[in-house]
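Undergrad:
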Amino acid sequence: MRNVFLYSTIVIFLQINFAFGQNKQILSNQDKIMVNPFIQEYHQAYSLGDDKQKNDVRRIAVDHLGKVWAGTKAGLFTLDQVSGEWKAMLDSANQGPVYDLFVDSKGIVWIAAWNGLFKADNYKTTKIDITDMPVAAISENAGKLTIIGIKSIWKKESESWTKEELPYSRVVRRLIPDTNDGYYLATGKGLYHITQSKAKLFQNAEELLSDNLFGLAYSKNNELWIGGLGGVTVYKDDERIKSYTPKEGLPNVWVRSIEKAPDGTMWVGTDLGIARYTGNNWSIRHSRRWLLSDKVRDIAFDKNGTAWVATANGVSAIKNKKMTLLQKADYYYNIMQKRHVRKPYFVEKCNLTIPGDTTIWTPRDDDNDGQYTSMYLVMESYRYAVTKNPEAKENATKAFEALKFLQTITETESFVARTVVPSSWTRMADANRTYSEREWAEKIINEAREKRIENQWILSKDKKWYWKRGTSSDEITGHMYGYLFYYDLVADKKEKKRVREHI
């Protein structure tokens, strides 16, 4: 049996070696390709601390000087982007739920709050003495400010205010000007178009996907995008021209906000992250890779093109920068070396102590440690072949020695361990255990090829390591994959002899 195994591995090695040899000339004859720098997006999180109400962000705005404002369930805050700290912009008596933020044409920030209307001019926040009732939405059209509360509408022209009763739905969520002197309202009971002469309500199924609306924004073609339950309805001159639902590529039916990016892309905030539409294709930004929470409430852009996103668990910034492929490779390479390499030079996964927090981690073991490390060995072999970087050669040699150690630790002629861990470890991914006959029956009824190995971890003779039994054939294939490229691209004459002898 041992001879059959040895013969099989040699055949696999020779076949792969032949295939690679056939391609050597092709690879060496290829012309060099110049790759220009590209724009790389990345996520930066800005939590407002441990307070859940502070992190319950409802609105986000960027003022004329680039300052980021967040309206949350707990109140109003601004961000110091250098320190990452948030500063309260209202005193404790006035801090509370914020429902809208608006930056007017003069750069003044207006705040729709639980107890009325506030404005921040030159970062000094004052209350406007027009109401103590909740204010829902704010906008500006031709220099005239419109404020909507739960019962009234206020309009500001120059320094004077006028007030009238709100004759429409009191569940107002967004306010946006039209192309004349009117405005649109997104409400819980449909879309209102308010002009000087009349108010028109769009509400039925032929007019909207649903009347439960949340977001409004204009596209680069001056089409009005209306977001709500069901998706996005698009209007042009008060006529419905199209809609976007999951059938058209929208990932979620709960649309909470819409914003046009500086490049004209439409960003749609949903309960499953952000969907972006270029006019031809959709892309998605969701999960902790991109957002502190998938529940997106609002989006605002700064002059650098950064998207500031209000979520149910803090503020996320989706930023961009120019990178080269080498810089991107270095970025991931540094992460790998920092978090994913453990003694005796295995490359594998790690455990995060806190989900999403990559500053604290612990190493772990895996049944595929040999194969993962072999893939890393191939990468370093290619890196050395192209760059002749001595670090790549050194790391490739370390990886080969780690793979070789998986065989020598067993103190047998040919058996290879799945993995090894320091004997000081007290927690393994698949620890030793015993099975009752009933438990074993449950195991093999679903996995007929399962091997009953209860004492999987063996203490080495020097008592420094535990090595694991039960190595599978695909692990051996992974080893051979790494040996091939190390042999062809890195090893010198002396090292080639060691590789051959090991195999």
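Each position in the sequence shown, counted from 1, maps to that position plus 9 in my numbering.
Backbone N, C-alpha and C fix where the C-beta goes; we use that ideal spot for every residue, glycine too.
#1: Taking the continuous alpha helix (DSSP H) assigned at SER390, which residues delimit it?
#2: Below 7 angstroms CB to CB, which residues in the same chain sit around THR242 once its five sequence neighbours on both sides are set aside?
#3: When the Cα of PRO353 is compared with those of SER148, LEU412, ASN150 and LEU300, which residue comes out closest?
#4: Along the chain, which unbroken stretches of the alpha helix (DSSP H) at least 4 residues long are found entirely within the stretch 117-159?
#5: Pairing CB atoms from the stretch 428-438 with CB atoms from the stretch 476-496, are three or more of them under 8 angstroms?
#6: By DSSP, does TYR354 sit in helix, in strand, or in coil?
#7: Just to confirm, is the Cβ distance from CYS359 to THR371 under 8 angstroms?
#8: Pick out whichever of LEU334, VAL107, ILE69 and LEU110 has its Cα sitting closest to the Cα of PHE47.
#9: Any idea what DSSP makes of ASN404, helix, strand or coil?
#10: Does ALA102 come out as helix, strand or coil in the three-state DSSP assignment?
#11: So for TRP291, helix, strand or coil by DSSP?
#12: Closest to ILE139 by C-alpha separation, out of ARG351, LYS160 and ARG507, would be which residue?
#13: Could you give the distance in angstroms between the alpha-carbon of THR135 and the alpha-carbon of ASN221?
#14: Give every residue of the same chain whose Cβ lies closer than 7 angstroms to the Cβ of VAL181, excluding the five residues on either side of it in the sequence, and list them in chain order.
#15: In terms of residue numbering, what span does the beta strand (DSSP E) encompassing LYS460 cover?
#16: Would you kindly check if the distance between the Cβ of GLY491 and the Cβ of VAL523 is under 8 angstroms?
#17: Exposed or buried, which one is LEU561 when buried takes at least 16 other CB atoms within 10 Å?
#18: What residue range does the alpha helix (DSSP H) around ASN343 cover?
#19: Considering only residues of the same chain and omitting the five flanking positions on each side of GLU403, which have a CB-CB separation below 6 angstroms?
#20: What would DSSP say about TRP434, mapped onto helix, strand or coil?
#21: In whole angstroms, what separates the C-alpha of LEU36 from that of ARG306?
#22: Are TRP123 and PRO106 closer than 8 angstroms when you measure CB to CB?
#23: When you compare each of TYR393, THR382, ALA394 and GLU422 to GLU410 by their alpha carbons, which one comes out closest?
#24: Which value, in whole angstroms, describes the spacing of the CA atoms of ARG285 and TRP299?
#25: Do you know how far the Cα of ILE462 is from the Cα of LEU259?
#26: So which of ILE267, TRP291, ARG297 and ASN455 has the shortest CA-CA distance to TYR55?
#27: Reducing DSSP to helix, strand and coil, say where ILE453 ends up.
#28: Mark SER148 as exposed unless 16 or more other C-beta atoms lie within 10 angstroms of its C-beta, in which case mark it buried.
#29: Taking only the alpha-carbon atoms, compute the straight-line gap between ASP59 and SER228 and give it to the nearest angstrom.
#30: Between THR204 and GLY191, which are expected to be in contact by the criterion C-beta below 8 angstroms, what is the C-beta distance as a whole number of angstroms?
#31: Which runs of the beta strand (DSSP E) at least 3 residues long sit entirely within the stretch 207-276? Give them in chain order.
#32: By a C-beta neighbour count over all protein chains shown, 10 Å radius and 16 as the cutoff for buried, is VAL66 buried or exposed?
#33: Pull up the distance between the alpha-carbon of LEU99 and that of SER114, whole angstroms please.
#34: If you follow the beta strand (DSSP E) that TYR475 is in, where does it begin and where does it stop?
#35: By the three-class DSSP mapping on this structure, what secondary structure does LYS164 have?
#36: Let me make sure I understand the geometry here. Which of LYS209, ILE453 and LEU238 has the alpha-carbon closest to that of ASP247?
TA: The short version:
#1: 378-396
#2: LEU217, LEU218, ILE235, ARG249 and SER252
#3: LEU412
#4: none
#5: yes
#6: coil
#7: yes
#8: LEU334
#9: helix
#10: coil
#11: strand
#12: LYS160
#13: 33 angstroms
#14: ALA145, ALA146, ILE157, LEU194 and THR196
#15: From DSSP, LYS460 is part of no beta strand (DSSP E); its letter is neither H nor E.
#16: Past the edges of the chain, shown from 10 to 512, lies residue 523, and the structure says nothing about it.
#17: The structure shown has nothing for residue 561, since the chain only spans 10 to 512.
#18: 334-348
#19: none
#20: coil
#21: Because LEU36 carries a pLDDT of 44, less than 50, the predicted location of this residue cannot be relied on, and the following value inherits that uncertainty. Near 50 angstroms, if we compare the C-alpha coordinates of ARG306 and LEU36.
#22: yes
#23: THR382
#24: 13 angstroms
#25: 49 angstroms
#26: ARG297
#27: helix
#28: buried
#29: 37 angstroms
#30: 4 angstroms
#31: 208-211, 222-227, 233-237, 240-245, 248-253 and 264-269
#32: buried
#33: 23 angstroms
#34: 474-477
#35: strand
#36: LYS209
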